[in-house]
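Take the sequence shown: its letter number 375 is residue 390 in this note's numbering, and every next letter is one higher.
Beta carbons: idealized from backbone N, C-alpha and C, even for Gly.
As the structure is a prediction and not an experimental result, all values here were calculated from the model.
Worksheet: one structure, shown below.
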Amino acid sequence: MQLTAKPSLNNALLISVRTPEFRGAEAEESLAELARLVTTLGFKVVGTQSQNQSSTKRVNVLGLGKLAEIAQLTGNKGIIEAAEDEDDELDYDQDFAEIPSDNLPLACADVVVFDCDLSPSQLRNVENQLGVEVFDRTGVIIEIFSRHARTKTAKLQVEIARLNYVAPRLRETSTGDKEHQMGKGAGETTLELNRRNVRDQLAELKRQLASVQEEMKGRRTQRSEHFCVALVGYTNAGKSSMMRAITGSEVEGENKLFATLDTTVRALFPITHPRILVSDTVGFIKKLPHDLVASFHSTLAEAHDASLLLYVVDASDPSFRKQLDVVHEVLEEVGVEGSEKLLILNKSDQLSAEQQAALMVEFPDAMLTSARDPEDVAKLHEYIVKVAEQGMIEEEVIVPYTAKGIVGEIRNSMSVTKEEYEFDHIKLTVRSSAIDLARLKKKMLEK
Ligand SMILES: Nc1nc2c(ncn2[C@@H]2O[C@H](COP(=O)(O)OP(=O)(O)OP(=O)(O)O)[C@@H](O)[C@H]2O)c(=O)[nH]1
Ligand SMILES: [Mg+2]
């Protein structure tokens with residue numbers, strides 16, 4: 016099975032299988048999201064097709080009639096055969112009404128993408144029936160993750176997930192090898208070799224990942240002395256844009272799904288004393304493949320350690336409430352809690368005054384922002400500083416003129432609220448975390 020989109024394969028036909036559990040607005044939104052995922056991958060969506068089914072588990076996934084219809088739209092390159100569970104549209108559930116109007120493709124489609132997960136054999140069956148390449152939702156997500164991973168950790172995590180996904184499909188496609196059919200057994204040998212290769216590769220990748228993670232843990236321990244804020248949320252909500260705005264950094268924000276796959280850490284800007292660290296994290300999506308969730312345990316470790324979690328949502332997206340549920344589910348699954356939380360209703364510039372007012376009634380504790388509005392960015396900055404200061408204590412520190420050098424250090428790591436110059440010392444009133452104060456006192460005793 017080929018997972019990488021070939022440049023010549025451009026026209027994608029999307030298929031939505033509606034079941035009694037998955038239909039209506041939910042299926043529509045999911046299909047729209049699949050279109051964005053597929054576009055992110057570089058395909059052009061040329062049409063959509065949907066069919067009601069009692070489940071997505073049928074051997075050929077769709078009924079024979081529907082397959083024949085789709086084959087026409089993909090140039091009739093396969094061989095349509097009835098499968099054992101095939102009673103054509105008979106188990107097609109007429110009771111749950113809506114069959115949305117399909118968008119017939121303007122051009123012939125050369126890739127078919129299902130908005131559900133397909134088993135390796137279903138995928139192979141449909142590929143044979145249609146004679147074109149078929150992707151499922153997980154395959155698309157994994158491919159996007161593969162392409163967007165930049166750092167070593169992200170690349171390792173995604174490659175592990177990709178190999179886990181590819182491995183069973185490798186077995187299925189290889190059984191169709193010519194050599195195998197001719198009874199030479201050569202196909203089987205190649206297959207076994209391939210499988211062993213994948214196993215070896217997986218073991219090696221896991222070993223490398225463990226060593227990188229150990230290194231990351233060290234860096235996190237160093238940062239644990241700071242107040243840390245993490246931006247979490249659904250893909251494309253505006254986390255990276257907000258991160259860039261509140262840290263004055265160049266973290267990229269892009270209008271594509273899963274632009275960020277790594278955790279980036281920057282200091283809040285304008286700089287505070289002590290410094291406050293902000294981390295941007297990977298975005299989530301509905302039906303995130305389980306392997307990928309597992310692989311983000313370590314990437315999300317920053318969020319895990321954060322004292323304040325900022326849940327960023329794209330408030331201009333009508334399905335943001337459901338997206339927020341997904342974020343809660345995934346964070347719960349990876350064990351991220353965070354002591355303080357703030358819901359950020361982002362992209363408010365896309366909302367009318369009435370919509371904004373309604374949202375504030377619905378979410379009275381949330382903050383309405385636009386990452387593009389400097390005033391909103393300043394408001395969020397102020398909020399973060401306020402929360403960070405709540406955990407601080409105020410104390411007077413006496414610094415003798417003989418130890419004047421330490422004043423610079425204090426100014427860097429603490430907030431100085433009052434300075435009094437006496438005969439032989441400076442009296443500073445500082446606000447700081449208990450840890451930093453204890454460290455300072457210890458240092459002064461040593462001097
Ligand atoms: N109109 C508007 N667009 C925004 C705002 N914030 C972000 N965007 C746009 O939304 C798109 C996604 O923004 P990102 O910051 O990349 O989103 P993200 O949450 O980091 O996405 P992932 O990295 O995929 O999880 C970009 O095109 C941004 O320019 C906003 O407040 N208003
Ligand atoms: Mg991002």
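Could you tell me which of the options sits nearest to residue i, measuring between CA atoms?
| i | options | result |
| --- | --- | --- |
| residue 165 | 297, 54, 348 | 297 |
| residue 258 | 92, 337, 386, 428 | 386 |
| residue 262 | 145, 69, 295 | 295 |
| residue 57 | 145, 140, 163 | 163 |
| residue 73 | 419, 367, 331, 97 | 97 |
| residue 417 | 410, 348, 180, 441 | 441 |
| residue 397 | 426, 457, 413, 287 | 287 |
| residue 43 | 333, 153, 425, 127 | 333 |
| residue 142 | 85, 167, 170, 319 | 85 |
With distances taken between CB atoms, is the gap from residue i to residue j smaller than 9 Å?
| i | j | result |
| --- | --- | --- |
| residue 175 | residue 306 | yes |
| residue 345 | residue 303 | yes |
| residue 133 | residue 155 | no |
| residue 29 | residue 130 | yes |
| residue 437 | residue 444 | no |
| residue 264 | residue 290 | no |
| residue 455 | residue 421 | yes |
| residue 360 | residue 247 | no |
| residue 93 | residue 144 | yes |
| residue 147 | residue 182 | no |
| residue 358 | residue 371 | no |
| residue 335 | residue 249 | yes |
| residue 428 | residue 446 | no |
| residue 299 | residue 342 | yes |
| residue 338 | residue 301 | yes |
| residue 171 | residue 227 | yes |
With a threshold of 16 other CB atoms inside 10 Å of the CB of residue i, please say whether the residue is buried or exposed.
| i | result |
| --- | --- |
| residue 364 | exposed |
| residue 380 | exposed |
| residue 177 | buried |
| residue 26 | buried |
| residue 439 | exposed |
| residue 254 | buried |
| residue 452 | buried |
| residue 225 | exposed |
| residue 87 | exposed |
| residue 391 | buried |
| residue 256 | buried |
| residue 40 | exposed |
For residue i, is the beta carbon positioned less than 8 Å from some heavy atom of ligand 2?
| i | result |
| --- | --- |
| residue 406 | no |
| residue 294 | no |
| residue 298 | yes |
| residue 264 | no |
| residue 255 | yes |
In its own chain, which residues sit with a C-beta less than 6 Å from the C-beta of residue i, not counting the 5 before and 5 after it?
| i | result |
| --- | --- |
| residue 1 | Residue 1 is absent from the structure shown; the chain starts at 16 and stops at 462. |
| residue 105 | Because residue 105 sits at a pLDDT of 42, beneath the cut-off of 50, its placement in the model cannot be relied upon, and the following sentence gives the value as read from the coordinates. None. |
| residue 460 | none |
| residue 90 | 123 |
| residue 81 | 66 |
So, for residue i: in the same chain, excluding its five sequence neighbours on each side, which residues have a beta-carbon less than 8 Å away from its beta-carbon?
| i | result |
| --- | --- |
| residue 322 | 242, 243, 244, 353, 354, 355, 402, 403, 406 |
| residue 63 | 28, 29, 30, 31, 46, 50, 117, 118 |
Tell me whether residue i, by its Cβ, gets closer than 8 Å to a heavy atom of ligand 1.
| i | result |
| --- | --- |
| residue 362 | yes |
| residue 155 | no |
| residue 427 | no |
| residue 272 | yes |
| residue 326 | no |
| residue 382 | no |
| residue 338 | no |
| residue 151 | no |
| residue 251 | yes |
For a cutoff of 9 Å on Cβ pairs, would you count residue i as touching chain D?
| i | result |
| --- | --- |
| residue 251 | No chain D appears in this structure, which consists of one protein chain only. |
Got a sec? Which residues, its chain only, sit under 7 Å from residue i by beta carbon, not counting five neighbours each side?
| i | result |
| --- | --- |
| residue 60 | 27, 29, 50, 53, 54 |
| residue 70 | 34 |
| residue 110 | Residue confidence for residue 110 is low, a pLDDT of 38 falling below 50, so the modelled location carries little weight; the figure read from the coordinates is stated next. Counting only Cβ-Cβ distances below 7 Å, and skipping sequence neighbours, we find nothing. |
| residue 83 | 95 |
| residue 252 | 298, 327, 328, 329, 361 |
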